[in-house]
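Chains as they are written, first to last, in the UniProt record's numbering: chain A, 1 to 640; chain B, 1 to 640.
Protein chains: 2
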Amino acid sequence: MLLERISSPQDVKRLEPETLPELCAEIRRAILTSSASVGGHIGSNLGVVELTVALHRVFDSPTDKLIFDVSHQTYAHKMLTGRASNYLDPAEFGGLSGFTSPDESEHDLFSMGHTSTSVSLACGMAKARDLAGERYNVVAVIGDGSLSGGLAFEGLDNLAELGTGVIVIVNDNGWSIAENHGGLYRNLAELRESEGKAPCNLFRALGLDYRFLAEGNDEAAVERVLAELRGIDHPVVLHLCTTKGAGYEPAAADSENWHHVGPFDIESGAYDVFPRNRCEDTETYAGITGAYLLNRMQADRRVVAISAATPYIMGFTPLRRARAGKQFVDVGIAEEHAVTYAAGLARAGAKPVLGLYGVFMQRAYDEFWHDLCLNSLPAVILDFGSSVFGTADATHLSFFDLALQGALPNLRCLAPVCREEYEAMLDWALAQNERPVVIRVPGNGVVSRPELLANGVIDAGVAPCSAKVGRTVGEQVLHEEAGETVARGGEARDAVCADCAGLPVSFDEPRYRTVRAGSDVAVLALGSFFGLGERVCDALTEQDVTPTLMNPRFATELDERALDSLATSHRVFVTLEDGVLEGGWGEKIARYLGPSAVRVLCYGVHKGFPDRFDAEELLAQNGTTVEAIVADIRSALRDF
Amino acid sequence: MLLERISSPQDVKRLEPETLPELCAEIRRAILTSSASVGGHIGSNLGVVELTVALHRVFDSPTDKLIFDVSHQTYAHKMLTGRASNYLDPAEFGGLSGFTSPDESEHDLFSMGHTSTSVSLACGMAKARDLAGERYNVVAVIGDGSLSGGLAFEGLDNLAELGTGVIVIVNDNGWSIAENHGGLYRNLAELRESEGKAPCNLFRALGLDYRFLAEGNDEAAVERVLAELRGIDHPVVLHLCTTKGAGYEPAAADSENWHHVGPFDIESGAYDVFPRNRCEDTETYAGITGAYLLNRMQADRRVVAISAATPYIMGFTPLRRARAGKQFVDVGIAEEHAVTYAAGLARAGAKPVLGLYGVFMQRAYDEFWHDLCLNSLPAVILDFGSSVFGTADATHLSFFDLALQGALPNLRCLAPVCREEYEAMLDWALAQNERPVVIRVPGNGVVSRPELLANGVIDAGVAPCSAKVGRTVGEQVLHEEAGETVARGGEARDAVCADCAGLPVSFDEPRYRTVRAGSDVAVLALGSFFGLGERVCDALTEQDVTPTLMNPRFATELDERALDSLATSHRVFVTLEDGVLEGGWGEKIARYLGPSAVRVLCYGVHKGFPDRFDAEELLAQNGTTVEAIVADIRSALRDF
């Protein structure tokens, strides 16, 4: 086996050219065998095998700088830079990051997993090289799907002016995660059809030199053109055509589903893809969302679902996309445009619903601030996967979203605790016209709480009652003066004022809900950490403390009335959030209660870039376990 | 006078064509007269007079949708939509927003002041129109300078696929704020030179129809082509050539300085531009920064200053830019690229220093997170203008920056209290290789504190001493066990351990400095609000409270040792920050101290979009005045 004998790029260079097809075949088998066992990015990695071999034969990494955009196509690169055993030995499968990682190898220049960054990084490295008077090649490899991100354009635009030697390889396989969207792809198609000769050329229009090679999966051909470009003194784009999933029929035939898969059977191509093939599963929030939105679209043609290249996270399979027709828009990898586009839609009376991974909300921070929030436009943003239990790669950590949203004026972020509350929030968000609404879809699984729905605590089907009716809830009258429709046990319905019974649930004002009424300790358990709050309260109850359990529902605004009221009868407040503490929701509570005599204990995780972590372990390291929280509460109670 | 008789676009349509040159001349005079009195965006507004008249003659606003990118070129639009008196009557000068504002007029569709958003907004409005089965024109007007922003590209790319009737007018005056930068401008020049006929065309490469008109300051010519485009059924770019500053010689001759000016003399063109002509003034942070960096560049060719189209904020006049040569880079309006470019530079051993307005850091949130922070690369970012005393337009509020930075792992944000500390922080930031460092340049003016420098309190010229030497500071020994080089009064130098005297100031670890030692009340006054902290402490001292005054220096990390130590002898903590409270720095202190028995009072401003506010009034509304803070502190002390 050739691959076993390769411990560095020098070994690749020493191989006879006629052995290279066998090397490529071995790499391909290793990609398939390891990914079949532990999952991985299949299509993109199979497509760049020949390119990667050619890169390491022509250039001298790490002296020459190879920058892989997104870096989810670097399995072959890793195999050729001393890490082949991680793809050959089943005991080592899954032992590496799925992305480049400077901690793993000097050949990995950046930790990176977001698209469209490579050209700007290459500009910076080339500029540093020139200032230092050094000479080496800087090469960026970027997929066609990543070109639609505005940062890639900014990088290409600036590269022309930088004017120095940089090689940008556009790996054109005709696919983003799903199909490509945008006018630039017509130009790529025109260039493919004309073998690079079409006079109207996006890259030349940006001031860049341009080369075309149709045979991107022919190692010898790629090697020849790279050898010609090595040492070039000005920026050049090499437009290379490859096949996503090359060499494995199931992946080549179904690019979208084989972009990233979980474990699969190589022979049959049978796989369990998470979460795409669960789009139809009504036990996932993807499935629930897709079904809900398609239903709403049929009733109201103003409803538009928008995705930025990840339609499956919101349950939009190809079939649902076809059914939605013009009411579903995939803008490609272009989160900034997606948000500003939603602002334009809302301003003109449509009902945009934009589904984003929490981690990619980051790409559109200014568009949230300036286009949506400053104009207070009623777009609905569904924030998927935001949880400590979400993606565990450092590049894709999805628990910074509340800190991102917390300071945005006019934005209302709602955090449902169950599917019933999620759908009630969707109903409300689509009906209102006042402001942008983010719904933080629980990232730790679907929970159904029909019993809470039935007794009116969480989803009472009534708006807050402002009439001071004489009403009792079980043995308690709670917040009666404030007109809350809170309850305890199963008797809440009886206590609802007749005037407001039957009104839809309202999120017009930030109002927390009391789920269990107690004293001394108030546990405020936000959204996906509501279950943790229940467990903390159960444990306290066993120790003869009777805590109050709140469902705060509002993640970026405070219910000051509820906090003031609770502060009169509770000494210890506990905030539980499935996210980063710094800048998060709990700190807002701590600040609000700072001047009062109560103690506030905030739980979540501290900022950092943990990589491939176990969520329970990470929480334990941050003291966010039932045992640790209960111990802290008991200590705080003793302290008074 | 024609302008006085125009109260709506209908009146513009009724004018005879031969009177239009006079109308344009009147508009131009009104722009100059009002701006000469209260300042304004001169160049861009003078350039689009004819275009604006033509737009309102051809289209029917507000049924037709006119979207002005950045919207700082809308003085003529405002005059023609019922607001002429604000530019004609000196009593009303300055009474309007400098940007479009839906609160002012139904003809203003969005509050907007950031670039590159108009095409995406137009896409959204056109999509909503089509879904509703309505028929109206959607027109976006975007300057050539705004085209370099990635969002504009994402919008254009998606517009082609949207495929419906949208007119994008590229107002090509050949300038950004300063000169344009990027390869796309070569293509615009090629198109200008070929009268739109060059076969390689950026807009056509993005799949868009394209029209060219050289005579953008000829109202009749513009009107003719707009009339042809009205009702078009597909997207089209109209490339229009105009002259920035047209009709006023000083502005046309010096586009950069006349982009935005303060009051000026129309006859002579004499003006007081803030802050550009103060770039050389060593009493501004622009001047201090430019001089410092140029000096550093001459000593170290790895130092690179980077700007995203605002070189003057960091003191880079055309002269300094010329002197810096290849060590100064203006990337144009492309903040995302600027940050990722800095990451590439730092990775390859250069010393990038990126100067950004705080408000525009927002555009690069993900690039901060993913490219700089995840990779912990030692770029230095200078955060200018971030203060309640900064820009007072709702579109450009610059006090959200700390909330933005607070959750970013690995990022160290330093907040200097004076110019001496600022320069010490610059020294340290450029010398270290561990992490990205933001320096929050005070946005409320330059303060010099040589006396604090002399007695070693703020800028002692020594690293924290870890030796437990027996040292006294006046009559007190402070934090001796922690090895702090804190001091009180003028005797600090004597107390410094001999081993560490003379070492450079270190910001290697987050350590607060005690400036005045007291008890009961600890005032933590961050950066530009240090002076407020002094005044609060002075007022408390007059009332026989002896507070401790801290210079926290670190805005995104806590000195837990100092907080723990202070909590043993202080009952009330006060945080003062020149920024938004929600997600800000003070909340981190409140959370950290939440479990302890102390009270924490946080001051700053609450999130919101105040527009054209008085900073002192805004602070008063938020209870952030010396009187209010002292009253709160006394109340909190009584409460124990």
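All C-beta atoms, glycine included, are put in the ideal place defined by N, C-alpha and C.
- For Leu601 (chain B), is the classification buried or exposed, using 16 other Cβ atoms within 10 angstroms of its Cβ as the cut-off for buried? A residue is called buried once 16 or more other Cβ atoms fall within 10 Å of its Cβ, and Leu601 (chain B) is buried on that count.
- Minimum C-alpha distance to Thr548 (chain A) - residue among A:Ser596, A:Ile633 and A:Asp614: Relative to the Cα of Thr548 (chain A), the nearest Cα in the group A:Ser596, A:Ile633 and A:Asp614 belongs to A:Ile633.
- Item | Nearest-angstrom beta carbon gap, Met425 (chain A) and Ala348 (chain B) [assumed within contact, 8 Å] | Incorrect: roughly 47 Å between the Cβ atoms, too far for contact.
- State the Cα-Cα distance for the pair Ser398 (chain B) and Phe613 (chain B), rounded to the nearest angstrom. Each residue's alpha carbon lies about 13 Å from the other.
- DSSP state of Gly489 (chain A) mapped onto helix, strand, coil: Interpretation of Gly489 (chain A) is limited by its pLDDT of 34, a score under 50 that renders its predicted location unreliable; no figure is taken from the coordinates.
- Query: Residues in the stretch 192 to 205 of chain A with C-beta within 7 Å of chain B's C-beta atoms, listed in sequence order?
  - Reply: Taken in chain order, the members of the stretch 192 to 205 of chain A whose beta-carbon sits within less than 7 Å of a beta-carbon on chain B are Pro199, Cys200, Asn201, Leu202, Arg204 and Ala205.
- Message: In this structure, how does DSSP classify residue 645 (chain A) when only helix, strand and coil are distinguished?
- Response: Any answer about residue 645 (chain A) is impossible in this case: the structure gives chain A only from 1 up to 640.
- Task: Would you give the residue range spanned by the alpha helix (DSSP H) that Met1 (chain A) belongs to?
- Result: For Met1 (chain A), there is no enclosing alpha helix (DSSP H), as DSSP marks it with neither H nor E.
- Going by C-alpha distance, which of A:Glu223, A:Glu219, A:Leu229 and A:Gly216 is nearest Tyr210 (chain A)? Nearest C-alpha to Tyr210 (chain A): A:Leu229.
- Message: When you compare the CB of Gly533 (chain B) with every CB in chain A, is at least one pair closer than 8 Å?
- Response: Interface flag for Gly533 (chain B) against chain A is unset, since no Cβ pair is found closer than 8 Å.
- Query: How would you call Pro17 (chain B), buried or exposed, if buried means at least 16 neighbouring beta carbons within 10 angstroms?
  - Reply: When all chains shown are included, Pro17 (chain B) counts as exposed.
- Task: Classify Ala152 (chain A) as helix, strand or coil using the three-state DSSP reduction.
- Result: When secondary structure is reduced to three states using DSSP, Ala152 (chain A) falls in the helix class.
- If you count every other CB in all the chains shown that lies within 10 Å of the CB of Gly527 (chain B), and 16 or more means buried, which is it? It counts as buried.
- Item | Which of helix, strand or coil DSSP assigns to Met550 (chain B) | It is a strand residue.
- Query: At which residues does the beta strand (DSSP E) containing Ala525 (chain B) begin and terminate?
  - Reply: Per DSSP, Ala525 (chain B) belongs to the beta strand (DSSP E) from Asp520 to Ala525.
- Answer yes or no: does any C-beta atom of chain A fall closer than 8 Å to that of Asn171 (chain B)? For Asn171 (chain B), no Cβ of chain A is located within less than 8 Å of the residue's own Cβ.
- Query: Name the DSSP beta bridge partners of Asn171 (chain A), please?
  - Reply: Bridge pairing for Asn171 (chain A): A:Gly143 and A:Leu240 [DSSP].
- Message: According to DSSP, simplified to helix, strand and coil, what is Gly604 (chain B)?
- Response: DSSP places Gly604 (chain B) in strand when its eight states are reduced to three.
- Message: Only counting the same chain, and skipping five residues up and downstream in sequence, which positions put a Cβ closer than 6 Å to that of residue 642 (chain B)?
- Response: Since the first residue of chain B shown is 1 and the last is 640, residue 642 (chain B) is not available in this structure.
- Task: Verify the CB distance criterion: does Asp103 (chain B) have a CB-CB separation below 8 Å to chain A?
- Result: Interface flag for Asp103 (chain B) against chain A is unset, since no Cβ pair is found closer than 8 Å.
- Would you please state the rounded distance, in angstroms, between the beta carbons of Val536 (chain B) and His570 (chain B)? I believe it to be under 8 Å. By a beta-carbon distance limit of 8 Å, Val536 (chain B) does not contact His570 (chain B). Their separation comes to about 14 Å.
- Message: At the level of alpha carbons, what is the spacing between Gly207 (chain A) and Asp157 (chain A)?
- Response: Per the coordinates, the alpha-carbon of Gly207 (chain A) lies some 8 Å from the alpha-carbon of Asp157 (chain A).
- Item | C-alpha gap between Gly406 (chain A) and Cys373 (chain A), whole angstroms | Whole-angstrom Cα-Cα distance: 12 Å.
- With burial defined as no fewer than 16 other Cβ atoms inside 10 Å of the residue's Cβ, what is the status of Lys13 (chain A): buried or exposed? An exposed status is given to Lys13 (chain A), since fewer than 16 other beta-carbon atoms sit within 10 Å of its beta-carbon.
- Query: What residue ranges within the stretch 557 to 604 of chain B form continuous alpha helix (DSSP H) runs of no fewer than 4 residues, ordered along the chain?
  - Reply: Qualifying alpha helix (DSSP H) stretches, in chain order: 560 to 567 and 585 to 593.
- Query: Alpha carbon to alpha carbon, how far is residue 704 (chain A) from Gly332 (chain A)?
  - Reply: Absent from the model: residue 704 (chain A). The displayed extent of chain A is 1 to 640, so no value can be given.
- Item | Listed by chain order, chain A residues near residue 641 (chain B) by CB distance under 8 Å | Lying outside 1 to 640, the shown extent of chain B, residue 641 (chain B) is not represented and no answer is given.
- Determine the burial state of Lys78 (chain B): buried for a count of at least 16 other Cβ atoms within 10 Å of its Cβ, exposed for fewer. Answer is buried; the Cβ neighbour count reaches 16.
- Task: Determine, using beta-carbon pairs with one atom in the stretch 87 to 106 of chain B and one in the stretch 21 to 39 of chain B, whether at least three such pairs fall under 8 Å.
- Result: Segments in contact, yes.
- Query: Are the C-beta of Tyr341 (chain A) and some C-beta of chain B separated by less than 8 Å?
  - Reply: Chain B, which has a Cβ nearer than 8 Å to the Cβ of Tyr341 (chain A), makes this yes.
- Query: Roughly how many whole angstroms lie between the Cα atoms of Ala555 (chain A) and Tyr603 (chain A)?
  - Reply: Going by the C-alpha atoms only, they are around 14 Å apart.
- For Tyr136 (chain A), which residues of its own chain have a beta-carbon under 7 Å away from its beta-carbon, when the five flanking residues on both sides are left out? Answer for Tyr136 (chain A): Thr63, Asp64, Lys65 and Arg129, listed in chain order.
- Helix or strand or just coil, what does DSSP make of Pro17 (chain A)? The answer is helix: DSSP assigns Pro17 (chain A) an H, G or I state.
- Message: In the DSSP output, which residue or residues are listed as bridge partners for Cys200 (chain A)?
- Response: In DSSP, Cys200 (chain A) forms no bridge with anything.
- Using a Cβ-Cβ distance under 8 Å, would Asn217 (chain B) count as near chain A? Closer than 8 Å: no.
- Message: Can you confirm whether Cys123 (chain A), when its beta carbon is compared against all beta carbons of chain B, has any partner nearer than 8 Å?
- Response: With a threshold of 8 Å between beta carbons, Cys123 (chain A) makes contact with chain B.
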